[in-house]
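Before any comments, here is the structure.
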Amino acid sequence: MYTDKFEYHDYYLMDELLTDEHKLIRDSVRQWVKKEVSPIIEDYAQKAEFPVHLVKQLGEIGCFGPTIPTEYGGGGLDQISYGLMMMELERCDSGLRSTASVQGSLVMYPIYTYGSKEQRRKYLPKLASGEWLGCFGLTEPSHGSDPGSMITNIKDADDGKHVILNGAKMWISNAPFAQVAVVWAKNEAGKIQGIIVERGMEGFTTPTTHGKWSLRASATGELVFDNVKVPKENILPNVQGLKGPLGCLSSARYGIAWGALGAALDCYDTALRYSKERIQFGKPIGQFQLTQKKLAEMITEITKAQLLTWRLGVLKNEGRATPAQISMAKRNNVNMAIQIAREGRQILGGMGITGEYSMMRHSMNLESVITYEGTHDIHLLITGQDVTGLNAFK
Ligand code: TGC
Ligand code: FAD
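According to my numbering, the sequence shown is numbered sequentially starting from 527.
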């Protein structure tokens, strides 16, 4: 069974940049992960099962919507607190962080930011507590990197009090267990709008996606809408256009930048410890220069990413982080983590491919993380557009 011996690595004394409250939040999530999740996560991943019992606990420890104001059940915390939480969850498993970042950034955030007072009151407290789980439907079978071309649509129904929703979303985290879906669809004028769809509405189904080699402890599914009659009051009133879902992605991608740091730290910590314990040719493998090169490069990349991410958090707290800055951090950190997982697995030799260690699970999970919320190349093109002023997408 995988055991959690994790020790934090802080080469540039970044803890000095955190407040006592930040450290308390980080340490309490770490303790919860160590006690409740680390002992079971490998088993759930091996069985490709979603540990649904953790949803309520994630709510109880404040991981759902930590930056949402307390009057709606959120934590009222700053962006660095949110980031630190995502880092601790993902150092255990990217799927665990996915559950929390979808709920907070992709479901609660749009309801809070674009929703009416009634929508906020109805949904946010239940989502914050984990009583309800939510999902976010943007990607479609034929429209992934280019969500603006979506075909899912809403049409006014006869009585004017409802819309009829048709279409399908694919690759949706949390979908099979979600009570609530924030879905993006085009209205009759061709404008993208957000609409809250509830489980139980006739014509709405959420088939599970099977056969994943990645994010096996996270539930993924489709959202299928076959003439679903949805009350008009479920439309998010305060946004139209692609900037609605992309605004949510800015929040979630920011959380992923922190999350990827967690996965990288866990892989580095595991590889470092193993390199000091494993003896070959009469000495610890950590004494060989080639192993030291790997470890030295890992901690260098982690340290650079820690600084990048912390600065992004400060800018986000000040309301100054741009979508392109967030793209840079998401892209850099996930790529950094995937390289470290791969190098780290090599340090573990054959043991690295087993569930005795978290390395291979991180490695496989990060293949999804480097793809969702905008692929590695899409984020590169966002940076390219930002620095040149020239748009590669159009
Ligand atoms: P474009 O014309 O560039 O932009 C349309 C409008 O949106 C604005 N905008 C943003 N607003 C807020 N935040 C951002 N990050 C924004 N990026 C752009 C933009 O200013 C414009 O506003 P306006 O007022 O002029 O209308 O749009 P485009 O169609 O050319 O697309 C650009 C592109 C390719 C960058 C974008 O579509 C994109 O990011 N594609 C990647 C798709 C993606 O990330 N999908 C993620 C699906 S959700 C998911 O994966 C969840 S996984 C969750 C988990 O398990 O953790
Ligand atoms: P495509 O868009 O078909 O891209 C295929 C390849 O083409 C990629 O390498 C891409 O970089 C490249 N490409 C595309 N356009 C260009 C271009 N202009 N220039 C250069 N290269 C390009 N979506 C949701 O809405 N909600 C969720 O909760 C969610 N959860 C997910 C969970 C998992 C496990 C996974 C794997 C995906 C999830 N997604 C979710 C979907 C995810 O956001 C998409 O997979 C992602 O945006 C890429 O879309 P695609 O898979 O259709 O790939």
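Glycine is no exception: its CB is placed at the ideal position from the N, C-alpha and C atoms.
Remark: fewer than three beta-carbon pairs, one from each stretch, lie closer than 8 Å, so the segment 670 to 682 and the segment 805 to 823 are not flagged as touching. His-535 places its beta carbon 8 Å or farther from that of Ile-873. Closest option to Tyr-638, judged by alpha-carbon separation, among Glu-597, Ser-801, Ser-744 and Val-578: Glu-597.
Per DSSP, Pro-757 is one residue of the beta strand (DSSP E) stretching across 746 to 757.
By DSSP's assignment, Val-706 forms a beta bridge with Gly-660 and Glu-724. Nearest Cα to Gly-767 within the set Lys-643, Arg-647, Ser-675 and Gly-621: Ser-675.
Counting of Cβ neighbours within 10 angstroms places Gln-629 among the buried residues, the total reaching 16 or more.
Residue burial annotation: His-888 is buried, with at least 16 other C-beta atoms found within 10 angstroms of its C-beta. Listed in chain order, the non-local C-beta contacts of Met-612 below 8 Å within the same chain comprise Arg-623, Ala-626, Ser-627, Gly-781, Ile-782, Trp-784, Gly-785 and Gly-788, local neighbours out to five positions each way being set aside. Counting the other CB atoms within 10 Å of its CB gives Asn-764 a total below 16, which places it among the exposed residues. At a Cβ-Cβ threshold of 8 Å, Glu-666 and Met-696 count as neighbours. Within the chosen limit of 7 Å, ligand 1 reaches the beta carbon of Glu-899 through at least one heavy atom.
In the three-state reduction of the DSSP assignment, Glu-666 falls in the strand class. Boundaries of the beta strand (DSSP E) around Val-689: 688 to 699. Residue pairing by DSSP leaves Ile-782 without any beta bridge partner. Under the three-state reduction of DSSP, Ala-918 is assigned to coil, being neither helix nor strand.
Close CB contacts of Ala-790 within its chain, under the 8 Å cut and outside five residues either way in sequence, are with Met-824, Glu-827, Ile-828, Ala-831, Asn-859, Met-862, Ala-863, Ile-866 and Ala-867 (chain order).
Assignment of beta-bridge partners to Phe-590 by DSSP yields no partner. Contact between Met-727 and Val-756 holds, with the beta-carbon distance rounding to 6 Å and staying under 8 Å. The C-alpha of Thr-796 lies about 38 Å from the C-alpha of Val-913. Contact between the segment 647 to 658 and the segment 881 to 897 is absent: fewer than 3 CB-CB pairs across the two stretches fall below 8 Å.
Secondary structure at Thr-901: coil, using DSSP grouped into helix, strand and coil.
At a cut-off of 7 Å, the beta-carbon of Thr-665 counts as near ligand 2: some heavy atom of the ligand is closer than that. As computed with DSSP, Phe-730 is found in a beta bridge with Phe-751. For Thr-901, the CB contacts under 7 Å within the same chain, skipping 5 residues up- and downstream, are Ser-671 in chain order.
Distances from the alpha-carbon of Gly-720 to those of Leu-772, Asp-684 and Gln-911 put Leu-772 closest.
The C-alpha of Glu-533 lies about 14 Å from the C-alpha of Leu-615. Taking C-alpha positions only, Ala-778 is separated from Leu-539 by approximately 26 Å.
Beyond the five residues adjoining it in sequence on each side, Gly-588 comes within less than 7 Å, by CB distance, of Gly-601 in the same chain, given in chain order. Contact annotation: Leu-741 and Gly-621 have beta-carbon atoms nearer than 8 Å. For the pair of segments examined, the segment 570 to 583 was found to touch the segment 733 to 751: the number of CB pairs separated by less than 8 Å reaches three. In the structure shown, the three-state DSSP call for Gln-806 is strand.
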